[in-house]
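Structure, as structure tokens:
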């Protein structure tokens, strides 16, 4: 098919990463601090507090019932005291990233729907993680970011991506197939490129890179968890995307979680309840 | 029972509405049981417990409304799972997800 554009390469994606909106400096510092032992938390908390919008959003999320705070946190420092540094950092990142991409750049791309799907996947991944005693902060952040490559492509190549959306509608295929046919690259590659540029941890990078291929050698457990969360969110129709489609579920990933039907039915319910709350905190 | 709850912000909850889930406080203690009929007094105490939203049972539906809703759920599930082939043995995990979500939406014991 004639796309009217030449196909893209991984190098094109990387070359355009610098044009993307950047995260607030303090969020980059938080990302860098992941592997550091001697971070001065109070200095970071103070820096975050200078960004009022970011602070307000972070606190809304921290005070949502999924964290069960009895006393509301009114400052970042309090959130750290009540929830711990790890959790607060993941909340700050979530709040920053959901606000940093401009909307409405690409014809046919529904930014709101994109974020509804991402937030729902984050909520579901966290609920699954708690059930199987996996790190809930990793699960939440990876769920929120699993599709971030799509925003990279939409922001860097809006005209190309409008054709991807048209191709998908015409062929009723998955967005991944449409991306590969029209662009020659896909959102998984773009997501990994961004994860490298933004210094995401190896765990996060692997999850973004493998969430559609969790059976690949070295894919990691988080990829399997996000794979299943992504499919559940589609099946529960949480993003309310008219033309949504449940992707094939990997048996390897499904068995890795090893949950019973009874457990899943409870987790579906809990995911729906959490989703509505987090949406209210992050997207409104 | 299929899902018949809505998660409402406190200012939209009225006395007489029914809790669709047990309500816990931050320590996991039961504040109100599932099925509790909310009163003015109960609602006024919620902010003290840091509760801003409540799971509320959706209003009773007539048999016709209920049948129509079940049909809509069935049609939507069939559409969402349109690429899934029950005859394909490689799709075993998709098959389980399909079956569980169908039970969840339509009630247990419904044919998928």
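Chains as they are written, first to last, in the working numbering: chain A, 10 to 293; chain B, 8 to 119.
Just so you know, even glycine gets a beta-carbon here, dropped at the ideal spot from N, CA and C.
Residues near residue i in its chain [Cβ-Cβ closer than 6 angstroms; skip 5 each side]
{"i": "residue 14 of chain B", "result": "60 and 62"}
{"i": "residue 247 of chain A", "result": "129 and 284"}
{"i": "residue 24 of chain B", "result": "45 and 63"}
{"i": "residue 56 of chain A", "result": "35"}
{"i": "residue 241 of chain A", "result": "133"}
{"i": "residue 233 of chain A", "result": "223, 262 and 265"}
{"i": "residue 9 of chain B", "result": "Its pLDDT being 49, under 50, residue 9 of chain B is placed unreliably in this model, and the value from its coordinates should be taken loosely. Once the five neighbours on either side are set aside, the close Cβ partners of residue 9 of chain B are 112, 113 and 114."}
{"i": "residue 88 of chain A", "result": "71, 82 and 97"}
{"i": "residue 153 of chain A", "result": "103, 127 and 131"}
{"i": "residue 91 of chain A", "result": "78 and 82"}
{"i": "residue 25 of chain A", "result": "165"}
{"i": "residue 120 of chain A", "result": "112"}
{"i": "residue 108 of chain A", "result": "none"}
Beta-carbon contacts of residue i that lie in its chain and below 8 angstroms, excluding the five residues immediately before and after
{"i": "residue 92 of chain B", "result": "98"}
{"i": "residue 277 of chain A", "result": "241 and 245"}
{"i": "residue 158 of chain A", "result": "195, 196, 197, 198, 199, 200, 201, 202, 203 and 217"}
{"i": "residue 139 of chain A", "result": "145"}
{"i": "residue 12 of chain B", "result": "27, 28, 62, 63, 64 and 65"}
Residue i, buried or exposed, once every other Cβ within 10 Å from all chains shown has been counted against 16
{"i": "residue 223 of chain A", "result": "buried"}
{"i": "residue 29 of chain B", "result": "exposed"}
{"i": "residue 270 of chain A", "result": "exposed"}
{"i": "residue 198 of chain A", "result": "buried"}
{"i": "residue 51 of chain A", "result": "exposed"}
{"i": "residue 281 of chain A", "result": "buried"}
{"i": "residue 22 of chain B", "result": "exposed"}
{"i": "residue 96 of chain B", "result": "exposed"}
{"i": "residue 66 of chain A", "result": "buried"}
{"i": "residue 82 of chain B", "result": "exposed"}
{"i": "residue 18 of chain B", "result": "exposed"}
{"i": "residue 208 of chain A", "result": "exposed"}
{"i": "residue 229 of chain A", "result": "buried"}
{"i": "residue 11 of chain A", "result": "At residue 11 of chain A the pLDDT is 48, less than 50, meaning the model places this residue with poor confidence; the figure from the coordinates comes in the next sentence. Under this definition residue 11 of chain A is an exposed residue."}
{"i": "residue 168 of chain A", "result": "exposed"}
{"i": "residue 227 of chain A", "result": "exposed"}
{"i": "residue 68 of chain B", "result": "exposed"}
{"i": "residue 219 of chain A", "result": "buried"}
{"i": "residue 73 of chain B", "result": "exposed"}
{"i": "residue 33 of chain A", "result": "buried"}
{"i": "residue 279 of chain A", "result": "buried"}
{"i": "residue 63 of chain A", "result": "buried"}
{"i": "residue 19 of chain A", "result": "exposed"}
{"i": "residue 78 of chain B", "result": "exposed"}
{"i": "residue 120 of chain B", "result": "Absent from the model: residue 120 of chain B. The displayed extent of chain B is 8 to 119, so no value can be given."}
{"i": "residue 135 of chain A", "result": "buried"}
DSSP bridge partner residues for residue i (one or two, in chain order)
{"i": "residue 16 of chain B", "result": "B/60"}
{"i": "residue 26 of chain B", "result": "B/63"}
{"i": "residue 31 of chain B", "result": "B/37"}
Nonlocal neighbours in the same chain, by C-beta distance under 7 angstroms from residue i, ignoring five residues either side
{"i": "residue 96 of chain A", "result": "146"}
{"i": "residue 80 of chain B", "result": "112 and 113"}
{"i": "residue 102 of chain B", "result": "93"}
{"i": "residue 98 of chain A", "result": "39"}
{"i": "residue 176 of chain A", "result": "187, 190 and 191"}
{"i": "residue 41 of chain A", "result": "208"}
{"i": "residue 141 of chain A", "result": "266"}
{"i": "residue 174 of chain A", "result": "117 and 118"}
{"i": "residue 54 of chain A", "result": "85, 86 and 89"}
{"i": "residue 20 of chain B", "result": "45, 50, 61 and 63"}
{"i": "residue 183 of chain A", "result": "254 and 256"}
{"i": "residue 268 of chain A", "result": "140"}
Nearest-angstrom beta carbon gap, residue j and residue i [assumed within contact, 8 angstroms]
{"i": "residue 29 of chain A", "j": "residue 192 of chain A", "result": "Not really, about 17 angstroms apart at Cβ, beyond 8 angstroms."}
{"i": "residue 171 of chain A", "j": "residue 243 of chain A", "result": "Not really, about 23 angstroms apart at Cβ, beyond 8 angstroms."}
{"i": "residue 213 of chain A", "j": "residue 150 of chain A", "result": "7 angstroms"}
{"i": "residue 126 of chain A", "j": "residue 156 of chain A", "result": "7 angstroms"}
{"i": "residue 161 of chain A", "j": "residue 22 of chain A", "result": "7 angstroms"}
{"i": "residue 274 of chain A", "j": "residue 107 of chain B", "result": "6 angstroms"}
{"i": "residue 41 of chain B", "j": "residue 26 of chain B", "result": "6 angstroms"}
{"i": "residue 231 of chain A", "j": "residue 185 of chain A", "result": "Incorrect: roughly 19 angstroms between the Cβ atoms, too far for contact."}
{"i": "residue 253 of chain A", "j": "residue 178 of chain A", "result": "About 13 angstroms separates the two Cβ atoms, so there is no contact after all."}
(request) Return the chain-ordered ranges of every beta strand (DSSP E) run that is complete within the stretch 34-100 of chain B and spans a minimum of 3 residues. (result) 37-39 and 60-64
(request) Report the residue ranges of all alpha helix (DSSP H) runs contained in full by the stretch 188-272 of chain A; include only those spanning at least 4 residues, in chain order. (result) 196-206, 211-219, 230-244 and 260-266
(message) As an exercise, report each continuous alpha helix (DSSP H) stretch of at least 4 residues that is fully enclosed by the stretch 153-178 of chain A, in chain order.
(response) 157-165
(request) May I have a chain-ordered list of the alpha helix (DSSP H) segments no shorter than 4 residues that lie completely inside the stretch 33-89 of chain A? (result) 34-41, 50-58 and 61-71
(message) My parser needs the alpha helix (DSSP H) runs of 4 or more residues fully inside the stretch 98-155 of chain A; what are they?
(response) 120-140 and 145-154
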